[in-house]
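Engineer:
Chains as they are written, first to last, in our numbering: chain A, 18 to 134; chain R, 18 to 134.
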């Protein structure tokens, strides 16, 4: 495995842990169709996160199965029928829980990075 | 899967992405033996990170294989022989790279969480 591939892999590990949070946050401003979710994540993160379709669609289906997002068929801006996602009330609670979890996680990493002894 | 197990699983996803960084940072203050690495990570993170041995030892071996840490047999404080780890010069560069990557990653998540429109 090349160093680049290792770095990409690590980036993917980070993404895997935070993907649900990122999707819930973006869908919270919905209704939004699937492809636009990954575009928004990439755009807002200034290209740091590039969500492959092979990760995006399984994640959307998982979140829908858990009742955190719900889908409705609508006409997209390109005139095609697409599934538009919105957060359910249960999803809003989940989003709040995931944000709290992220705060604890990133706070714990920060504690370790600040250690100097 | 119970909600608790899901939460634990998610915590583990987060841990997987950041474990190398946490270990390199703690070993940077070494030499330190393997078990003490997980104790330090748990202690400094105020019990947020609990690194199972099944994750710790494979990670230590992986970092050693990559030439980022090196091991030496010494007598631990309990009087037993144990492998003590220290960071190599290559490992110090890797630690700097991982800290920079963490900063970019957590910055990208923060950008998305700050979005209000």
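In this text, a Cβ means the ideal position worked out from N, Cα and C, and glycines have one as well. On a predicted model such as this, the values are computed, not experimentally measured, just so you know.
Count the C-beta pairs between the stretch 33-49 of chain A and the stretch 94-109 of chain A that are closer than 8 angstroms, then say yes if the count reaches three, no if not.
Structural biologist: The stretch 33-49 of chain A is in contact with the stretch 94-109 of chain A.
Engineer: Suppose contacts are defined by Cβ-Cβ distances below 7 angstroms. Is residue 47 of chain A in contact with residue 125 of chain A by that definition?
Structural biologist: Within the first chain, the letter at position 30 stands for residue 47 of chain A. Within the first chain, the letter at position 108 stands for residue 125 of chain A. Cβ atoms of residue 47 of chain A and residue 125 of chain A: not closer than 7 angstroms.
Engineer: Along the stretch 89-116 of chain A, where does the CB come closer than 9 angstroms to a CB of chain R? Name the residues.
Structural biologist: Here the close residues are 114, 115, 116.
Engineer: Check the Cβ of residue 35 of chain A against every Cβ in chain R and list those closer than 7 angstroms, keeping chain order.
Structural biologist: Sequence index remark: in the first chain, residue 35 of chain A carries index 18 (1-based). The contacting residues are 126.
Engineer: Please confirm whether residue 55 of chain R has its beta-carbon closer than 7 angstroms to some beta-carbon of chain A.
Structural biologist: For the purposes of this step, residue 55 of chain R is taken as residue 38 along the second chain, with counting starting at 1. Answer no: the Cβ-Cβ gap between residue 55 of chain R and chain A never drops below 7 angstroms.
Engineer: Buried or exposed, going by whether 16 or more other CB atoms sit within 10 Å of the CB of residue 19 of chain R?
Structural biologist: The sequence position of residue 19 of chain R within the second chain is 2, counting from 1. The pLDDT assigned to residue 19 of chain R is 34, lower than 50, so where the model puts this residue is not dependable, and the model offers no usable value.
Engineer: Return helix, strand or coil for residue 98 of chain R, following the three-state DSSP convention.
Structural biologist: Here residue 98 of chain R is taken as the residue at index 81 of the second chain, counted from 1. Note: residue 98 of chain R maps to strand in three-state DSSP.
Engineer: Taking DSSP as the reference, what is the three-state secondary structure of residue 78 of chain A?
Structural biologist: Here residue 78 of chain A refers to the residue found at position 61 of the first chain. Looking at residue 78 of chain A - three-state DSSP - the assignment turns out to be helix.
Engineer: Can you tell me the Cα-Cα spacing of residue 53 of chain A and residue 100 of chain A, whole angstroms?
Structural biologist: Numbered from its first residue, the first chain carries residue 53 of chain A at position 36. Numbered from its first residue, the first chain carries residue 100 of chain A at position 83. Going from the Cα of residue 53 of chain A to the Cα of residue 100 of chain A covers about 11 angstroms.
Engineer: Which same chain residues, not among the five before or five after residue 36 of chain R, have their C-beta less than 6 angstroms away from its C-beta?
Structural biologist: As a working note, residue 36 of chain R is residue 19 in the second chain. So the qualifying residues of the chain are 76.
Engineer: Do residue 60 of chain A and residue 67 of chain A have their C-beta atoms closer together than 7 angstroms?
Structural biologist: Stepping through the first chain from its first residue, residue 60 of chain A is reached at position 43. Stepping through the first chain from its first residue, residue 67 of chain A is reached at position 50. Against a cut-off of 7 angstroms, the Cβ pair of residue 67 of chain A and residue 60 of chain A comes out as no contact.
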